[in-house]
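**Q** The structure follows.
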Amino acid sequence: MGNRGMEDLIPLVNRMQDAFSAIGQNANLDLPQIAVVGGQSAGKSSVLENFVGRDFLPRGSGIVTRRPLVLQLINSPTEHAEFLHCKGKKFTDFDEVRQEIEAETDRITGANKGISPVPINLRVYSPNVLNLTLVDLPGMTKVPVGDQPADIESQIREMLMQFVTKDNCLMLAVSPANSDLANSDALKIAKEVDPQGMRTIGVITKLDLMDEGTDAKDILENKLLPLRRGYIGVVNRSQKDIDGRKDINAAMAAERKFFLSHPAYRHLADRMGTPYLQKILNQQLTNHIRDTLPGLRAKLQSQLLSIEKEVEEYKNFRPDDPSRKTKALLQMVQQFSVDFEKCIEGSGDQIDTAELSGGARINRIFHERFPFELVKMEFNEKELRKEISYAIKNIHGIRTGLFTPDMAFETIVKRQIGKIKEPCTKCVDMVISELVNTVRQCTKKLAQYPMLREEMERIVTQHIRDRESRAKNQVLLLIDIELSYMNTNHEDFIGFAK
Numbered sequence: 000m001g002n003r004g005m006e007d008l009i010p011l012v013n014r015m016q017d018a019f020s021a022i023g024q025n026a027n028l029d030l031p032q033i034a035v036v037g038g039q040s041a042g043k044s045s046v047l048e049n050f051v052g053r054d055f056l057p058r059g060s061g062i063v064t065r066r067p068l069v070l071q072l073i074n075s076p077t078e079h080a081e082f083l084h085c086k087g088k089k090f091t092d093f094d095e096v097r098q099e100i101e102a103e104t105d106r107i108t109g110a111n112k113g114i115s116p117v118p119i120n121l122r123v124y125s126p127n128v129l130n131l132t133l134v135d136l137p138g139m140t141k142v143p144v145g146d147q148p149a150d151i152e153s154q155i156r157e158m159l160m161q162f163v164t165k166d167n168c169l170m171l172a173v174s175p176a177n178s179d180l181a182n183s184d185a186l187k188i189a190k191e192v193d194p195q196g197m198r199t200i201g202v203i204t205k206l207d208l209m210d211e212g213t214d215a216k217d218i219l220e221n222k223l224l225p226l227r228r229g230y231i232g233v234v235n236r237s238q239k240d241i242d243g244r245k246d247i248n249a250a251m252a253a254e255r256k257f258f259l260s261h262p263a264y265r266h267l268a269d270r271m272g273t274p275y276l277q278k279i280l281n282q283q284l285t286n287h288i289r290d291t292l293p294g295l296r297a298k299l300q301s302q303l304l305s306i307e308k309e310v311e312e313y314k315n316f317r318p319d320d321p322s323r324k325t326k327a328l329l330q331m332v333q334q335f336s337v338d339f340e341k342c343i344e345g346s347g348d349q350i351d352t353a354e355l356s357g358g359a360r361i362n363r364i365f366h367e368r369f370p371f372e373l374v375k376m377e378f379n380e381k382e383l384r385k386e387i388s389y390a391i392k393n394i395h396g397i398r399t400g401l402f403t404p405d406m407a408f409e410t411i412v413k414r415q416i417g418k419i420k421e422p423c424t425k426c427v428d429m430v431i432s433e434l435v436n437t438v439r440q441c442t443k444k445l446a447q448y449p450m451l452r453e454e455m456e457r458i459v460t461q462h463i464r465d466r467e468s469r470a471k472n473q474v475l476l477l478i479d480i481e482l483s484y485m486n487t488n489h490e491d492f493i494g495f496a497k
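Heads up: the sequence shown begins at 0 in numbering that gives the first Met the number 0, then just goes up one per residue.
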């Protein structure tokens, strides 16, 4: 792939991200991307704004980023921003961009500082950026504020995990230098999901705010808490600079001067700072996309074939034709009936080679689980002989018997046979459970019609449940029939007597 092709990789993934966001799903594809993680006040927003060269992100106390922000930076001669949810509208005033992010966040989460995993897609065109895509995630917090739920920490963690646990997701772990890095929220979560440090890029902020006489040299040289992709230090604007609307270009010049003049960092100056960070991220994301492209292409082709096959099944379906709707509904019901029967009989065209399913599981209940339940029944031969002795004596009463009465054996045998009622009814319960599971398995083809699937499962499951009591009654009746007559000439009796 030539240089031009390499340059097109990031925009290609951008278009895929937009397409999946527009249809409300990710097609189960693990798209290559960079997720920005860090604790509150770690400096994530400042890093992203330095990339763009504009103030455009919401700021304030507490959780500011409450939805994932997919930030797509595109090198372009002109400068403007576009939102996926505002098609056709170009934003040239970046204060309006901030307001739109806040409004769109509140539209989904409400104004009570709640969070949502639904992303906001923002594309920024500028001559000052390199092609780069970053996913800004909510800052990790431990204390709920305002009307936030008490479990806000676990909610944020769960959202972060949806992104950073994916193998194709690189992590930009932002940590402030003026706090103990061993307690860095970003590095903790990176260590958890990427213990070898293969997917993590460390960013150290607030180097200018460290205590006098201290520095982060060992960390930036990747000697302490090493990462495969290393660390890059940046110096963001202070809160005073932000409040005073200090120009970002002036801040970048001050950042450059800081690294060149600091005795601990001047030998690293050419590998520090926001411009270098942006360049490295562009290179690493491009290379990452290139490396993951073959697997991504194979998965897309597989899903495309699956969808084309599904479309072929419904090519004659016309949603606006009631008669065709009825016909399609009947076809789906009939197909479910056929699939269910095949699954139970074991003659399906798709044989599961990973585990037992359908009729095979029911067969296992009859031939393994049920016999096991019978074997588990308590049987004490010594106690049984004592019961027989008492039964014989009680039947003879005051008389001394000469022969052993049949009634004694019948009484004991009936009591023993009666004990199998419990494992028999339990066997029915297990079969019912497997039938219900088989119903759910056979309705998977109706996934694109969730209401129909739910209703079909409900009706069929209810029918099975209605027959459950009848089946148990028949089983108990069969046992009662066996109890009604005892054949004492059976070899078991003769063998026992011997």
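Yeah, the Cβ is synthetic: ideal placement off N, Cα and C, and Gly gets one too.
Mapping the DSSP letters down to three states, classify residue 220 as helix, strand or coil.
**A** Note: residue 220 maps to coil in three-state DSSP.
**Q** What would DSSP say about residue 244, mapped onto helix, strand or coil?
**A** Looking at residue 244 - three-state DSSP - the assignment turns out to be coil, as it is neither helix nor strand.
**Q** So what's residue 174 in DSSP terms, helix, strand or just coil?
**A** Strand.
**Q** In the DSSP output, which residue or residues are listed as bridge partners for residue 498?
**A** Since the first residue of the chain shown is 0 and the last is 497, residue 498 is not available in this structure.
**Q** On a CA-only basis, which of 204, 9, 29 and 285 is nearest residue 73? Give me that one, please.
**A** Here the closest residue by C-alpha is 9.
**Q** Helix, strand or coil for residue 95? Go by DSSP, reduced to three states.
**A** Helix at residue 95.
**Q** Once the 5 residues before and after residue 108 are set aside, which same chain residues still bring their CB inside 7 Å of it?
**A** Contacts found: 65, 66, 114 and 115.
**Q** Where does the unbroken beta strand (DSSP E) through residue 454 begin, and where does it stop?
**A** Unbroken run through residue 454 is the alpha helix (DSSP H), 449-483; no beta strand (DSSP E).
**Q** Looking at C-alpha atoms only, which residue of 485, 468 and 406 is the closest neighbour of residue 424?
**A** Nearest option by C-alpha distance: 468.
**Q** Could you work out which residue in 205, 208 and 201 is closest to residue 218 when comparing CA atoms only?
**A** It is 201.
**Q** Which residue wins for smallest C-alpha separation from residue 258, given the options 233, 239 and 247?
**A** The candidate whose alpha carbon is nearest that of residue 258 is 233.
**Q** Can you say whether residue 483 is buried or exposed, counting buried as having 16 or more other CB atoms within 10 angstroms of its CB?
**A** Exposed is the call here.
**Q** Run through the DSSP bridge pairs and tell me what residue 275 is partnered with.
**A** DSSP lists no partner for residue 275.
**Q** Is the stretch 29-42 touching the stretch 84-93 in the sense that three or more CB pairs, one from each, lie closer than 8 Å?
**A** The answer is no - the stretch 29-42 does not touch the stretch 84-93, with fewer than three Cβ pairs under 8 Å.
**Q** Could you tell me the alpha carbon to alpha carbon distance between residue 396 and residue 481, rounded to whole angstroms?
**A** In a straight line, the C-alpha of residue 396 is about 28 Å away from that of residue 481.
**Q** Quick one: what's got a C-beta closer than 8 Å to residue 100's C-beta in the same chain, skipping five residues either side?
**A** Closer than 8 Å at the Cβ level, and outside the excluded window around residue 100, lie 55, 56, 57, 68, 119 and 121.
**Q** How far does the alpha helix (DSSP H) with residue 152 in it extend, from its first residue to its last?
**A** Start and end: 151-163.
**Q** Look at residue 160 and residue 136 and say whether their C-beta atoms are less than 8 Å apart.
**A** Not closer than 8 Å, so no.
**Q** For residue 85, count neighbouring C-beta atoms within 10 Å of its own C-beta (all shown protein chains included) and say buried if the count is 16 or more, exposed if not.
**A** By the neighbour-count rule (16 or more Cβ atoms within 10 Å), residue 85 is not buried but exposed.
**Q** CB residue 188 to CB residue 231, shorter than 8 Å?
**A** It is not a contact, given that the beta carbons lie outside the stated cut-off.
**Q** Out of 470, 307, 447 and 422, which one is the CA nearest neighbour of residue 431?
**A** Of the listed residues, the one whose Cα sits closest to residue 431 is 470.
**Q** Just to confirm before moving on: does the CB-CB distance between residue 456 and residue 442 stay below 8 Å?
**A** Against a cut-off of 8 Å, the Cβ pair of residue 442 and residue 456 comes out as a contact.
**Q** Mark residue 496 as exposed unless 16 or more other C-beta atoms lie within 10 angstroms of its C-beta, in which case mark it buried.
**A** Only weak support exists for where residue 496 lies, its pLDDT of 48 falling under 50; the value from the coordinates is given anyway. Label assigned to residue 496: exposed.
**Q** Within 10 Å of its beta-carbon, does residue 149 have 16 or more other beta-carbons around it, so buried, or fewer, so exposed?
**A** So residue 149 counts as exposed.
**Q** Could you check whether residue 128 and residue 80 sit closer than 8 Å to each other, using their CB atoms as the reference points?
**A** No.
**Q** On the CB-based measure, 16 or more other CB atoms within 10 Å of its CB, does residue 446 come out buried or exposed?
**A** Looking at its Cβ environment, which holds fewer than 16 other Cβ atoms inside 10 Å, residue 446 is exposed.
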